Amino acid sequence: MTTSKKELAVAALRSGTVIDHIPSSMLFKAVRILGIENLDTQLTIGNNLESQRLGTKGIIKVADVFFPEEIINRIALIAPTAVVNIIRDFNVVEKRQVVLPDTIVGIVKCDNPKCISNNEPMRSRFNVISRNPVTIRCHYCGHTTTNDKANV
Amino acid sequence: MCLGSKKFRTFVSGYAGVSAITPHSAMNPKSLVAISDISKDEILRLLEVARYFEQNPNHKILDGKVVATLFFEPSTRTRLSFETAVNRLGGRVIGFSDASTTSSSKGETLKDTIKMVSNYVDLIIMRHYLEGAARYAAEVTDTPVINAGDGANQHPSQTMLDLYSIYKTQGRLDNLDITMVGDLKYGRTVHSLLMALRHFSPRFKFVACDELMMPREYMEICDKYNIPYEVHTDFSPEVINSTDILYMTRVQRERFSDIMEYERVKDLYSLHNDMLAESRPNMRILHPLPRVNEINPDVDDNPKAYYFEQARNGLYARQALICRALDIDVLNNQSHH
Numbered sequence: 001m002t003t004s005k006k007e008l009a010v011a012a013l014r015s016g017t018v019i020d021h022i023p024s025s026m027l028f029k030a031v032r033i034l035g036i037e038n039l040d041t042q043l044t045i046g047n048n049l050e051s052q053r054l055g056t057k058g059i060i061k062v063a064d065v066f067f068p069e070e071i072i073n074r075i076a077l078i079a080p081t082a083v084v085n086i087i088r089d090f091n092v093v094e095k096r097q098v099v100l101p102d103t104i105v106g107i108v109k110c111d112n113p114k115c116i117s118n119n120e121p122m123r124s125r126f127n128v129i130s131r132n133p134v135t136i137r138c139h140y141c142g143h144t145t146t147n148d149k150a151n152v
Numbered sequence: 001m002c003l004g005s006k007k008f009r010t011f012v013s014g015y016a017g018v019s020a021i022t023p024h025s026a027m028n029p030k031s032l033v034a035i036s037d038i039s040k041d042e043i044l045r046l047l048e049v050a051r052y053f054e055q056n057p058n059h060k061i062l063d064g065k066v067v068a069t070l071f072f073e074p075s076t077r078t079r080l081s082f083e084t085a086v087n088r089l090g091g092r093v094i095g096f097s098d099a100s101t102t103s104s105s106k107g108e109t110l111k112d113t114i115k116m117v118s119n120y121v122d123l124i125i126m127r128h129y130l131e132g133a134a135r136y137a138a139e140v141t142d143t144p145v146i147n148a149g150d151g152a153n154q155h156p157s158q159t160m161l162d163l164y165s166i167y168k169t170q171g172r173l174d175n176l177d178i179t180m181v182g183d184l185k186y187g188r189t190v191h192s193l194l195m196a197l198r199h200f201s202p203r204f205k206f207v208a209c210d211e212l213m214m215p216r217e218y219m220e221i222c223d224k225y226n227i228p229y230e231v232h233t234d235f236s237p238e239v240i241n242s243t244d245i246l247y248m249t250r251v252q253r254e255r256f257s258d259i260m261e262y263e264r265v266k267d268l269y270s271l272h273n274d275m276l277a278e279s280r281p282n283m284r285i286l287h288p289l290p291r292v293n294e295i296n297p298d299v300d301d302n303p304k305a306y307y308f309e310q311a312r313n314g315l316y317a318r319q320a321l322i323c324r325a326l327d328i329d330v331l332n333n334q335s336h337h
């Protein structure tokens, strides 16, 4: 059995989604971005767990819910290391890294107080202009920021 | 396993304010928000049209068209120039030059104002004090929108008149020595001009104090397009004498965190007539205006001073932009009017 299977077996999630390897400092931002606070299914959130790669990590386990890829990829901005595991009948049937989309809509607040997106009832919109380091540019005012400074 | 059973769900966003990937609103392709939205060929074509209007300023091709000039922030020069352009083309103008007299002072959103005005007019020309306002306005309406300046962000019609001025005085746009002086950090005109000239193999000299130097990202754009550039903190005769276009900008006091630094540099980048003695015969001095003390009035009578003619070119450049926005092909299809 793979290590991931052993690791996941701890929670004994029969079916659902496990998002692993989230940097600890970003865990609750990830929860907010995914909008899972009001779910009525079993939800396990763990933080400051040991991680060889990250030092400490956060993890989110959601029973019986499968997220569309574009929803889950939204956390790639703040948690590019996150790995998504799809579980069915206690088996990991799919495992993939989150992928940063080219455009990020409605997640980041522009830092420029004179940006139209901070002054109208509208969604913010950022374009990814560099992936390493992750740099995003406001589609409206052109203000750029990096993922660690982005106002999520 | 039965995926269709009630037990399994596909997640639908429960986070208010965030929806799944939203299709990008389709703005009218004739809208002009930033100079980087238009191609090299289109720039060259616009310059041809501007030249046509310089020869035929009163060509009545906007008969029956109504154009809105929405100036949420006052700007005499740009507004009068756009309105003159519409009038000389035979169109009608509605609009305002002060947002305090409009519903936006009652809290109406920009979107609602734009939607409402779109019902009445064929073209919207807008200046706004917020950055990105023009892009947003263009996204919420099918009516073409021309950005007449959005805060410190973009001002493409200024860039078109700068390009037309360069083209007129030099006979070409390519392979020119262009020197930009003054506030290169915050000056939107120099950034847009650099973006537009990237198509035309220029050689740049950037002259500014460290605090107002050309931002890194624009130097990276030069690198990307193999455009040579020199960085100078000294406004020296060597720089002036090896230049075809000397593009002066205003150094604004409010840009400085340290007032002492402003006092130190404010006169370092001002041009006097005696500095032009050895300059190239074809050299011309441009300035987006208004100027304060960066060009001494003793330069005004030098034939190389071009900033007042430059402002007049704004009329022809804007006539060309208005025709582009309304999809009127002036050069090839004059007869249908």
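If you read the protein sequences in the order shown, they are chains A and B. Residue 13 in the numbering used here is what sits at position 13 of the first sequence, and the numbering runs on without skipping anything. Residue 304 in the numbering used here is what sits at position 304 of the second sequence, and the numbering runs on without skipping anything. By construction, the Cβ of each residue, glycine as well, lies at the ideal position given by its N, Cα and C atoms. The structure presented is a predicted model; accordingly, all values stated were derived computationally and were not measured.
Cβ pair residue i, residue j closer than 8 Å
| i | j | result |
| --- | --- | --- |
| B:ASP147 | B:LEU32 | Contrary to the premise, residue 147 of chain B reads as Asn rather than Asp in this sequence. In contact: B:ASN147 and B:LEU32 (Cβ atoms closer than 8 Å). |
| B:LEU276 | B:TYR52 | no |
| A:SER15 | A:ALA63 | yes |
| A:THR17 | A:VAL92 | no |
| B:LYS30 | B:ASP327 | yes |
| B:LEU315 | B:SER81 | yes |
| B:ILE35 | B:THR159 | yes |
| A:VAL99 | A:ALA82 | no |
| B:SER201 | B:ASP174 | yes |
| B:LYS65 | B:GLY91 | yes |
| B:HIS128 | B:GLU73 | yes |
Check: residue i C-beta below 7 Å from any heavy atom of the ligand FAD
| i | result |
| --- | --- |
| B:ASP329 | This structure lacks the ligand FAD; in fact it carries no ligand of any kind. |
Cα-Cα separation, residue i to residue j
| i | j | result |
| --- | --- | --- |
| B:ARG318 | B:THR113 | 23 Å |
| B:GLU278 | B:ILE285 | 14 Å |
| A:ASN153 | A:ILE33 | There is no way to answer for residue 153 of chain A, as the model of chain A reaches only from 1 to 152. |
| B:THR380 | B:VAL181 | Here chain B covers residues 1 to 337 and nothing more, so residue 380 of chain B does not appear. |
| B:PHE204 | B:TYR229 | 4 Å |
| B:SER242 | B:MET283 | 9 Å |
| B:PRO23 | B:ALA138 | Below a pLDDT of 50, predicted positions are generally treated as unreliable, and B:PRO23, at 45, falls in that range; the measurement from the model is reported next regardless. Spanning the two alpha carbons is a distance of roughly 15 Å. |
| A:ALA30 | A:PRO113 | 24 Å |
| B:LEU271 | B:ASP210 | 19 Å |
| B:ARG291 | B:PHE308 | 11 Å |
| A:ASN47 | A:ILE19 | 12 Å |
| B:LEU161 | B:GLN310 | 7 Å |
| B:GLU83 | A:VAL134 | 44 Å |
| B:ILE21 | A:VAL108 | Its pLDDT being 41, under 50, B:ILE21 is placed unreliably in this model, and the value from its coordinates should be taken loosely. Distance between the alpha carbons of B:ILE21 and A:VAL108: 14 Å. |
| B:ARG216 | B:HIS191 | 11 Å |
| B:ASP267 | A:CYS141 | 31 Å |
| B:GLY151 | B:LEU130 | 5 Å |
| A:SER24 | A:VAL152 | 15 Å |
| B:ALA325 | B:VAL251 | 33 Å |
| B:PHE235 | B:MET195 | 23 Å |
Unbroken alpha helix (DSSP H) run spanning residue i, endpoints
| i | result |
| --- | --- |
| B:GLU230 | B:GLU230 -> not in any alpha helix (DSSP H); beta strand (DSSP E) instead, spanning 229-232. |
| A:LYS57 | Element bounds for A:LYS57: not the alpha helix (DSSP H) but the beta strand (DSSP E), 55-63. |
| A:GLU50 | Per DSSP, A:GLU50 belongs to no alpha helix (DSSP H); it is in the beta strand (DSSP E), 43-51. |
| B:ALA277 | Per DSSP, B:ALA277 belongs to no alpha helix (DSSP H) and is neither H nor E. |
| B:ILE259 | 259-265 |
| B:ASN87 | 76-88 |
| B:LEU46 | 40-55 |
| A:GLU94 | First-last for A:GLU94: 91-97, but that is the beta strand (DSSP E), not the alpha helix (DSSP H). |
| B:ASP300 | Neither: B:ASP300 is in no alpha helix (DSSP H) and is coded neither H nor E. |
| B:ALA138 | 133-139 |
| A:ARG32 | 27-34 |
CB-CB length for residue i against residue j, believed under 8 Å
| i | j | result |
| --- | --- | --- |
| A:HIS143 | A:ARG125 | Between A:ARG125 and A:HIS143 the Cβ distance is about 12 Å, and since that is not below 8 Å, they are no contact. |
| B:GLY149 | B:SER75 | 6 Å |
| A:ILE116 | B:ALA133 | 5 Å |
| B:ILE178 | B:ILE245 | 5 Å |
| B:LEU212 | B:ARG264 | Contact flag wrong, Cβ pair sits at about 12 Å. |
| A:THR103 | A:ASN127 | 6 Å |
| A:ILE22 | A:LYS57 | 6 Å |
| B:MET126 | B:VAL145 | 6 Å |
| A:VAL65 | A:LEU39 | 7 Å |
| A:PRO121 | B:THR102 | Going by Cβ atoms, the distance from A:PRO121 to B:THR102 rounds to 18 Å, so no, they are not a contact pair. |
| B:LEU70 | B:ILE124 | 6 Å |
Extent of the continuous beta strand (DSSP E) to which residue i belongs
| i | result |
| --- | --- |
| A:HIS179 | Examination of residue 179 of chain A is not possible in this model, given that chain A is present from 1 through 152 alone. |
| B:GLN319 | From DSSP, B:GLN319 is part of no beta strand (DSSP E) but of the alpha helix (DSSP H) over 307-325. |
| B:LEU246 | 245-248 |
| A:ASN85 | 83-88 |
| B:ASN147 | 145-150 |
| B:HIS128 | 123-128 |
| B:ASP177 | 177-181 |
| B:LEU163 | Where B:LEU163 is concerned, there is no enclosing beta strand (DSSP E), although the alpha helix (DSSP H) it sits in stretches over 156-170. |
| B:PHE256 | Careful: B:PHE256 lies outside any beta strand (DSSP E) and carries neither H nor E. |
| B:ALA68 | 66-71 |
Secondary structure, beta strand (DSSP E): runs of 3+ residues fully inside the stretch 117-141 of chain A: Listed in chain order, they are 125-131 and 134-138.
Alpha helix (DSSP H) runs wholly inside the stretch 193-239 of chain B, at least 4 long, in chain order: You should have 216-224.
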